Amino acid sequence: MVLFAAVVREGSFSGAARQLGITKQTTSERIGKLEKQLGVRLLERTTRRLRVTGSGAVYFERCSAIAAQIDEANKEVQQQQVEPVGLLRVSSPVLYGRRYLAPVVSKFLGRYPKARIEVVLADRRINLIEEGLDLAIHIGPLDDSSLVSRKLGEAPVYCVASPGYLSKHGVPRAQDLASARCVGFSAFETWQVMGVKSRIDPVLIVNDLEVACEAALAGVGIARVPAILCRDAVREGRLKVVFGPKPAMVRSVYALYPSRLNLPARVRLFVDAMATLVEPMLPLHGPSRRKRS
0 MVLFAAVVRE GSFSGAARQL GITKQTTSER IGKLEKQLGV RLLERTTRRL RVTGSGAVYF
60 ERCSAIAAQI DEANKEVQQQ QVEPVGLLRV SSPVLYGRRY LAPVVSKFLG RYPKARIEVV
120 LADRRINLIE EGLDLAIHIG PLDDSSLVSR KLGEAPVYCV ASPGYLSKHG VPRAQDLASA
180 RCVGFSAFET WQVMGVKSRI DPVLIVNDLE VACEAALAGV GIARVPAILC RDAVREGRLK
240 VVFGPKPAMV RSVYALYPSR LNLPARVRLF VDAMATLVEP MLPLHGPSRR KRS
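First residue of the sequence shown? That's 0 in numbering that gives the first Met the number 0, and the numbers climb one at a time after it.
So, in structure tokens, the structure goes:
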């Protein structure tokens, strides 16, 4: 149908063939097959020119409209590889999404008005394909997977306690951790600080990092929380880092997406935007900002 529309517009088989990158013979054969399939003669052929039949003229109007729609659809899809268009569905762990994604989303939507974003916050393993997601933020070791990963940075985690707790219980050494009052995530955990592994028995067990940080601020005990969560409290002196200035652990942060092949612009550019906001990845000590290459 697209070929027939091109033949009528160009007024010849050879002109349509050049436009579509095929041979004149192929063009003639395909039009002949179309006429046979329809049971209608669309073109009158002479040695010097083509003439559209009455049925062919009616058919051309329909084919021409369809060809225009196809061309428009092709251009729209190709444009999505250049400019973010349509809905981008992103998943993230709850804390990371609350503290990190808002400025990225705001900046991205302001720059690309044709894009829309849906953020799914969940502290569970996400299946991108089954859940219809374009992109997922993952923190920690990667599983063996067919997904493509791009490392965004590293999230340092610190052992912190309130000045009140340290005044009452003293500043612990690494070897004292097992007997310290701790806020944990399970009944028994193994923490490693300054090269020393200790099995702890938490006085408070929680399933949320923000609750752990609030408990540390309230003087309940020592908590392991990421810099993204305790940064302001440490700078303001409401929390103190224990067991030295270095992080107790460092967890890698990745962007995961299904494939590099024909990656939509909305995914590629959103990952780029996340990679440029480095504040959540910085350690507590040192310059407040640094440039990422």
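Cβ coordinates follow ideal geometry from the N, Cα and C atoms, glycine included. Quick caveat, the model's predicted, so the values are computed rather than measured.
Cβ-based neighbour list, residue i, same chain, cut-off 8 Å, excluding 5 preceding and 5 following
{"i": "GLY236", "result": "PRO162"}
{"i": "LEU208", "result": "LEU94, VAL224, PRO225, LEU228"}
{"i": "VAL195", "result": "ALA173, GLN174, LEU176"}
{"i": "GLN18", "result": "ALA5, GLU9"}
{"i": "ALA232", "result": "VAL159, CYS212, LEU216, LEU238"}
{"i": "PHE107", "result": "PRO83, ALA114, ILE116, LEU268, PHE269, ALA272"}
{"i": "GLN191", "result": "SER197, ALA247, MET248"}
{"i": "ALA214", "result": "VAL182, LEU203, VAL205, GLY220, ALA222"}
Helix, strand or coil at residue i [DSSP, three-state]
{"i": "THR45", "result": "coil"}
{"i": "SER185", "result": "coil"}
{"i": "SER145", "result": "coil"}
{"i": "ILE125", "result": "coil"}
{"i": "PRO102", "result": "helix"}
{"i": "LYS167", "result": "helix"}
{"i": "PRO162", "result": "helix"}
{"i": "GLY55", "result": "helix"}
{"i": "LEU134", "result": "strand"}
{"i": "VAL241", "result": "coil"}
{"i": "GLY152", "result": "strand"}
{"i": "SER258", "result": "coil"}
{"i": "VAL202", "result": "coil"}
{"i": "SER11", "result": "coil"}
{"i": "LEU87", "result": "strand"}
{"i": "ALA222", "result": "strand"}
{"i": "MET0", "result": "coil"}
{"i": "TYR95", "result": "helix"}
Residue i versus residue j - alpha carbon distance
{"i": "LYS290", "j": "ALA254", "result": "Interpretation of LYS290 is limited by its pLDDT of 39, a score under 50 that renders its predicted location unreliable; the figure taken from the coordinates is listed afterwards. Distance between the alpha carbons of LYS290 and ALA254 is about 19 Å."}
{"i": "ALA101", "j": "LYS150", "result": "19 Å"}
{"i": "GLY85", "j": "ARG265", "result": "8 Å"}
{"i": "ALA114", "j": "GLY243", "result": "45 Å"}
{"i": "LEU33", "j": "SER27", "result": "10 Å"}
{"i": "ASN126", "j": "VAL93", "result": "16 Å"}
{"i": "MET0", "j": "TYR58", "result": "9 Å"}
{"i": "VAL89", "j": "LEU203", "result": "33 Å"}
{"i": "ALA66", "j": "VAL147", "result": "36 Å"}
{"i": "ARG44", "j": "ALA72", "result": "33 Å"}
{"i": "CYS62", "j": "LEU141", "result": "51 Å"}
{"i": "LYS239", "j": "ALA173", "result": "15 Å"}
{"i": "TYR111", "j": "LEU87", "result": "12 Å"}
{"i": "LEU41", "j": "ALA56", "result": "8 Å"}
{"i": "THR189", "j": "CYS158", "result": "13 Å"}
{"i": "MET193", "j": "HIS168", "result": "20 Å"}
{"i": "GLU153", "j": "ILE69", "result": "45 Å"}
{"i": "GLN24", "j": "ALA64", "result": "25 Å"}
{"i": "GLU60", "j": "LEU262", "result": "36 Å"}
{"i": "ARG124", "j": "THR22", "result": "53 Å"}
{"i": "GLU129", "j": "PRO257", "result": "11 Å"}
{"i": "GLY14", "j": "GLN36", "result": "23 Å"}
{"i": "VAL7", "j": "GLY20", "result": "16 Å"}
{"i": "ASP122", "j": "ALA16", "result": "57 Å"}
Close beta carbons around residue i, own chain, < 6 Å, minus the five adjacent residues each side
{"i": "CYS181", "result": "ILE199, PRO201, GLY220, ILE221"}
{"i": "LEU2", "result": "ARG29"}
{"i": "SER54", "result": "VAL39"}
{"i": "MET248", "result": "VAL156"}
{"i": "ARG98", "result": "ILE227"}
{"i": "GLY295", "result": "Not covered by the structure: residue 295. The range shown for the chain is 0 to 292."}
Among the options, nearest to residue i - alpha-carbon criterion
{"i": "CYS229", "options": "ILE116, VAL192, LEU283, SER185", "result": "LEU283"}
{"i": "ARG50", "options": "PRO257, PHE12, VAL205, ALA66", "result": "PHE12"}
{"i": "GLY109", "options": "PRO83, GLU213, ARG17", "result": "PRO83"}
{"i": "ASP133", "options": "ASP122, ARG123, ILE116", "result": "ILE116"}
{"i": "VAL241", "options": "THR275, VAL170, ALA274", "result": "VAL170"}
Residues of its chain near residue i, where Cβ-Cβ distance is below 7 Å and the 5 sequence neighbours each way are ignored
{"i": "ALA211", "result": "VAL182, VAL205, ALA222, VAL224"}
{"i": "ALA186", "result": "ILE204"}
{"i": "GLY96", "result": "VAL118, LEU120"}
{"i": "GLY131", "result": "ARG88"}
{"i": "SER91", "result": "LEU100, VAL118, LEU120, ILE136"}
{"i": "LEU165", "result": "LYS239"}
{"i": "PRO246", "result": "PRO155, VAL156, TYR157, PRO282"}
The ligand FAD heavy atom lying under 7 Å from the CB of residue i
{"i": "ALA232", "result": "Questions concerning the ligand FAD fall outside what the structure shown contains, since it holds no ligand whatsoever."}
Is the number of C-beta pairs between the segment 176-183 and the segment 197-205 that are closer than 8 Å three or more? yes
Looking at C-beta atoms only, is the number of pairs between the segment 134-141 and the segment 242-256 that lie closer than 8 Å three or more? yes
Specify whether the segment 258-272 and the segment 94-111 touch according to this definition: at least 3 beta carbon pairs, one from each stretch, less than 8 Å apart. yes
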